[in-house]
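Worksheet: the structure to be examined is printed underneath.
In the working numbering, the protein residues as written are 2 to 291.
Here is the structure:
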């Protein structure tokens with residue numbers, strides 16, 4: 002007999018694969034038409050802009066067609082759709098059985114707050130994944146649909162599930178007000194540091210350092226992680242990005258004839274560090290501040 006944990010894992014995999022498929026459709030539409038409307042979402046081929054066959058866009062089934070020609074214009078099907086669905090499905094299972102909010106979906110009975118918290122965290126994971134892929138594919142351009150959506154969903158989630166990101170523990174406040182204030186402070190703290198760095202870079206270099214989408218992205222991260230973890234995530238991402246860029250420049254100077262990949266912006270590093278702090282923020286803080 003199939004137990005509830007197995008059914009829960011299967012349901013999480015299905016939700017993760019379906020949401021990853023929807024994210025792929027959004028990314029395809031952004032690549033074809035950057036100013037698209039989410040309400041007009043439809044299947045599009047980024048090469049011929051025609052509607053591809055459902056057999057080339059169905060979840061899981063497309064995994065077996067990576068590298069093969071599409072049926073609409075015979076262009077090669079890349080691995081991005083496969084990777085997005087695989088990551089989305091895997092993280093959906095992780096969110097259910099190792100929830101960042103510490104609210105379980107099932108122990109001896111079903112817990113609706115745990116399920117709703119997992120849904121909001123899955124939305125955040127998809128927003129981070131979408132920002133990373135869109136930034137890499139579209140020359141470091143980050144769509145506002147993902148950044149604004151993550152920020153709004155984080156604030157709504159703090160009301161629906163009190164303590165989704167954390168609480169201030171202020172005496173006399175209801176748990177909903179306390180949770181919302183914590184998320185708002187997280188948004189402000191997450192947006193403050195990149196905004197200050199943006200102003201300082203403009204004053205010193207007369208160039209744009211931190212872009213506006215990065216500021217919105219860190220605001221969304223602050224709504225889910227809290228201001229402290231969002232600030233640490235920004236510092237971690239900046240450090241890793243600097244080391245990566247320095248290593249890439251060094252290797253280019255050594256092997257000048259090699260065909261190196263194009264430059265990757267800060268957004269994928271920010272999304273990766275936000276995911277790290279989403280799942281391991283408590284442990285990292287215990288190590289840094291014992």
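Note that the Cβ used here is the ideal one computed from N, Cα and C, for glycine as well.
Keep in mind that this is a model prediction, so the values were computed, not measured.
Among the options, the one whose alpha carbon lies nearest that of residue i
i, options, result
"residue 133", "197, 3, 266 and 96", "266"
"residue 20", "125, 274 and 242", "125"
"residue 86", "136, 106, 9 and 27", "27"
"residue 193", "248, 250, 111 and 213", "213"
"residue 219", "274, 179 and 170", "274"
"residue 5", "174, 97 and 18", "97"
"residue 228", "177, 286 and 253", "286"
"residue 226", "3, 171 and 271", "271"
"residue 230", "290, 207, 136 and 145", "290"
"residue 12", "210, 119 and 288", "119"
"residue 123", "14, 189, 234 and 191", "14"
"residue 145", "288, 189 and 217", "217"
"residue 83", "115, 23, 288 and 282", "23"
Alpha-carbon to alpha-carbon, residue j and residue i
i, j, result
"residue 77", "residue 148", "30 Å"
"residue 202", "residue 239", "14 Å"
"residue 186", "residue 256", "47 Å"
"residue 268", "residue 143", "8 Å"
"residue 138", "residue 29", "10 Å"
"residue 31", "residue 280", "29 Å"
"residue 174", "residue 183", "12 Å"
"residue 165", "residue 236", "23 Å"
"residue 93", "residue 224", "20 Å"
"residue 206", "residue 253", "25 Å"
"residue 151", "residue 276", "13 Å"
"residue 198", "residue 245", "20 Å"
"residue 102", "residue 242", "28 Å"
"residue 251", "residue 178", "51 Å"
"residue 154", "residue 99", "21 Å"
"residue 204", "residue 168", "36 Å"
"residue 209", "residue 130", "24 Å"
"residue 121", "residue 234", "20 Å"
"residue 136", "residue 282", "25 Å"
"residue 10", "residue 114", "18 Å"
"residue 284", "residue 188", "22 Å"
"residue 172", "residue 3", "46 Å"
"residue 200", "residue 211", "9 Å"
"residue 7", "residue 79", "32 Å"
"residue 176", "residue 278", "24 Å"
Other residues of its chain near residue i: CB distance less than 6 Å, five sequence neighbours each side excluded
i, result
"residue 215", "195"
"residue 89", "17, 20 and 21"
"residue 288", "none"
Extent of the continuous alpha helix (DSSP H) run through residue i
i, result
"residue 137", "113-138"
"residue 336", "No information on residue 336 is available, as it lies outside the stretch 2 to 291 that the chain covers here."
"residue 146", "145-161"
"residue 239", "228-255"
"residue 93", "81-98"
"residue 173", "Note, residue 173: premise wrong, no alpha helix (DSSP H); not H, not E."
"residue 274", "268-289"
Cutoff 8 Å; reference residue i; Cβ partners in own chain excluding five residues on either side
i, result
"residue 181", "156, 159 and 160"
"residue 81", "25, 28, 134 and 138"
"residue 91", "17"
"residue 170", "179"
"residue 95", "280"
Cut-off 7 Å between Cβ atoms - residues of its own chain near residue i, not counting five sequence neighbours on either side
i, result
"residue 117", "161 and 162"
"residue 190", "223, 228, 231 and 232"
Assumed close pair residue i, residue j - CB separation to whole angstroms, cut-off 8 Å
i, j, result
"residue 1", "residue 128", "An answer regarding residue 1 cannot be provided, because it is not within the stretch 2 to 291 covered by the chain."
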